[in-house]
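Trainee: To convert, note that position 256 of the sequence shown is 461 in our numbering; the numbers rise steadily by one, no gaps.
All C-beta atoms, glycine included, are put in the ideal place defined by N, C-alpha and C.
Quick caveat: nothing in here was measured; it's all calculated off a predicted structure.
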Amino acid sequence: MNETEKTELKLYNTYTRQKEVFVPIRPDLVTLYTCGLTVYNYAHIGNLRTYIFEDVLKRVLFYNGYKVKHVMNITDIGHLTSDADEGEDKMVLSAKKEKKTVWEIAEYYTKAFENDLKKLNIIFPDYHIKASEQIPQMIKLIQRLEEKGYTYFRNGNVYFDISKFPNYGKLARLDMDKLRAGARVAVDKSKKNPLDFVLWFTKSKFEDQEMKWDSPWGKGYPGWHIECSAISMHYLGEQFDIHCGGIDHIPVHHTNEIAQSEAATGKKWVNYWMHGEFLIFNREKMSKSKGEFLTLDLLNKKGYSPMVYRYFCLGAHYRQQISFSYEALETAKSSYNRLRNKIMEIKSNKEQSKPNEEFVKTIKHNFLERINDDLNMPEALAVLWKVLRTDKIGNKEKYDLIVEFDKIFGLLLERGEELLSAVAKQKVDTELIEKLVKERYEARERKDWTKSDKIRERLIRMGIEVRDTSKGTIWKVKE
Ligand code: AMP
Ligand code: ZN
């Protein structure tokens, strides 16, 4: 915890539809699971909005003094074109279209996604796990459900029987009576109830599915939902603190995850459910399957760096929809540039000091209150702007506050624009460069010219130019 007075962290829990004081199961460690990307295509900027929200959550947890154990899956198997069990396998469709194997598709788009996370300065999960590598854990979980009588086997598939789980649909507040009265007919005639879902498919569904494993029910592959239950329980235990995703996951994916997890263990599974609202484009949810979708690289090519996109996302609360347009992004770009210029100005004259303990304490407290109020980023950004504009403190104090607040924003605020474009081009390892620049500076201070020249040569080989000025060493990526 910072020296600032403690303020309770409140998070909105979709399960109770309320903001609640956050109390983790273990006092010092938060266990967090976030649903990962289905890697049949690039992440679109809507997906990335959700990963930015989850990154902010993690940073707020760190800021509150918690350690975080974060697990995210990589869906490379079993996700059909509908979130339920209808349609074709997304990975198989993509492989056919691109004339590659599903494994190649998964590998390629997983790398692309991880690069996007890097460019957006998103802190990596501690475990980023491919569903296809956790099949034994999934089979075990399905067997557990089978032993307890929650499943049935029909026409080659294992189904979860929702009628056996009385709490089904609580998260989404599904009105089961209404649903029953409406008697939606399942396309899959093997289902007893249209909302039953597949735990394990055998070849009966897709003859040409490449990814197949032996199982007690025949050679086949898992349904989509079981991976998140199996992976999270394997890495975080049978009960954990926070589970996140976009709001589209509430009615089917997370509803089914809860049913199968709690049925298997007989215990409450997750304490806090958090969901990010959609990014809307042309009045529709941005989605990979329909309409035009935009990627981070496309925005970058049009002159909007990943940090501009991150700033754009922080401008709205995660539970509000954001409507994407290039005009709105342009506004974010000019605010972000103004912010950066102001910070560069402060940074270039950061010896100038005007201590004011009371002001610093109050502003830090305000900041903490905003971020702890269910991650209110728009208001936290307003606090940052207040710091930049005030004359109650000097540049030194402002600079320290900017560095501190940027632990939450993750906007690389006190670093150079060159760095941003270099990060965007993924050519540089910024931590390594800053370490080398510092070592070189120290060598020069000691007048160890041999060492300082050696480091300079190494930086040049890495494509980095260094310049020594009266204010210290400046570095940039060579054009
Ligand atoms: P998927 O690859 O479809 O499993 O989606 C990955 C993540 O992005 C999930 O958490 C989704 O809920 C989220 N997501 C999908 N579309 C959008 C959107 N338009 N806006 C925000 N989040 C989204
Ligand atoms: Zn999931």
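The beta strand (DSSP E) with Pro341 in it runs from where to where?
Mentor: Note, Pro341: premise wrong, no beta strand (DSSP E); alpha helix (DSSP H) at 340-352.
Trainee: Looking at Ile455 and Thr219, is the spacing between their C-beta atoms short of 8 Å?
Mentor: Their beta carbons are under 8 Å apart, which means Thr219 touches Ile455 by this criterion.
Trainee: What are the complete alpha helix (DSSP H) segments, minimum 4 residues, inside the stretch 478-528?
Mentor: You should have 501-506, 511-519.
Trainee: Using only the heavy atoms of the ligand ZN, determine whether one of them is closer than 7 Å to the beta carbon of Glu462.
Mentor: The answer is yes for Glu462.
Trainee: How is the beta strand (DSSP E) around Gln223 delimited, first residue to last?
Mentor: Note, Gln223: beta strand (DSSP E), 223-226.
Trainee: For a quick check, are the C-beta atoms of Phe365 and Leu404 less than 8 Å apart?
Mentor: Yes; because the gap between Cβ atoms is below 8 Å, this pair is in contact.
Trainee: Check whether the stretch 229-248 and the stretch 481-491 are in contact - that is, three or more C-beta pairs closer than 8 Å.
Mentor: With the cut-off at 8 Å, the stretch 229-248 and the stretch 481-491 do not touch.
Trainee: Across which residues does DSSP place Arg359 in a beta bridge pair?
Mentor: Paired residue(s): Asn362.
Trainee: Could you tell me the alpha carbon to alpha carbon distance between Ser510 and Ile660, rounded to whole angstroms?
Mentor: The straight-line gap from Cα to Cα measures roughly 29 Å.
Trainee: For Phe445 and Glu644, I'd like the C-alpha separation in whole angstroms.
Mentor: The alpha-carbon atoms of Phe445 and Glu644 are separated by roughly 42 Å.
Trainee: Would you say Lys335 touches the ligand AMP, meaning its beta carbon is less than 7 Å from a heavy atom?
Mentor: Result no, Cβ not under 7 Å from the ligand AMP.
Trainee: Quick check on the contact list: which residues have their beta carbon closer than 5 Å to a heavy atom of the ligand ADP?
Mentor: This structure simply doesn't include the ligand ADP; it includes the ligand AMP and the ligand ZN instead.
Trainee: Residues in the same chain with beta-carbon distance under 6 Å from Lys335, minus the five sequence neighbours each way, listed in chain order, please.
Mentor: Correct list, in chain order: Ile279, Asp281.
Trainee: Under the rule that 16 or more other beta-carbon atoms within 10 Å means buried, what is Ser558, buried or exposed?
Mentor: So Ser558 ends up on the exposed side.
Trainee: Could you check if Tyr531 is buried or exposed, using at least 16 other CB atoms within 10 Å of its CB as the buried criterion?
Mentor: Exposed, since its Cβ has fewer than 16 Cβ neighbours within 10 Å.
Trainee: Given 8 Å as the limit, is there contact between the stretch 271-278 and the stretch 425-438, that is, 3 or more CB pairs closer than that?
Mentor: The stretch 271-278 is in contact with the stretch 425-438.
Trainee: Determine which residues share a DSSP beta bridge with Pro427 and list them.
Mentor: Bridge partners of Pro427: Trp405.
Trainee: Are there 16 or more other CB atoms within 10 angstroms of the CB of Leu503, so buried, or fewer, so exposed?
Mentor: Under this definition Leu503 is an exposed residue.
Trainee: Do you know how far the Cα of Glu293 is from the Cα of Lys211?
Mentor: Computed Cα separation, rounded: 51 Å.
Trainee: Got a sec: does the ligand AMP put a non-hydrogen atom nearer than 7 Å to the Cβ of Asn546?
Mentor: The answer is no for Asn546.
Trainee: Cβ of Ala311 within 8 Å of Cβ of Val244?
Mentor: For Ala311 and Val244, yes; Cβs fall inside 8 Å.
Trainee: Determine the burial state of Ile665: buried for a count of at least 16 other Cβ atoms within 10 Å of its Cβ, exposed for fewer.
Mentor: Counting Cβ neighbours within 10 Å, Ile665 comes out exposed, since fewer than 16 surround it.
Trainee: With a CB to CB cut of under 7 Å and the five nearest residues on each side skipped, what residues in its chain are close to Ser420?
Mentor: Hits under 7 Å: Ile344, Trp405.
Trainee: Expressed to the nearest angstrom, what Euclidean distance is found between the alpha-carbon atoms of Val261 and Tyr268?
Mentor: If I take the Cα positions, the gap works out to 10 Å.
Trainee: Shortest alpha-carbon distance to Ile328 belongs to which of Leu266, Lys383, Arg359?
Mentor: Of the listed residues, the one whose Cα sits closest to Ile328 is Leu266.
Trainee: Can you look up Gly251 in the DSSP assignment and give me helix, strand or coil?
Mentor: Helix at Gly251.
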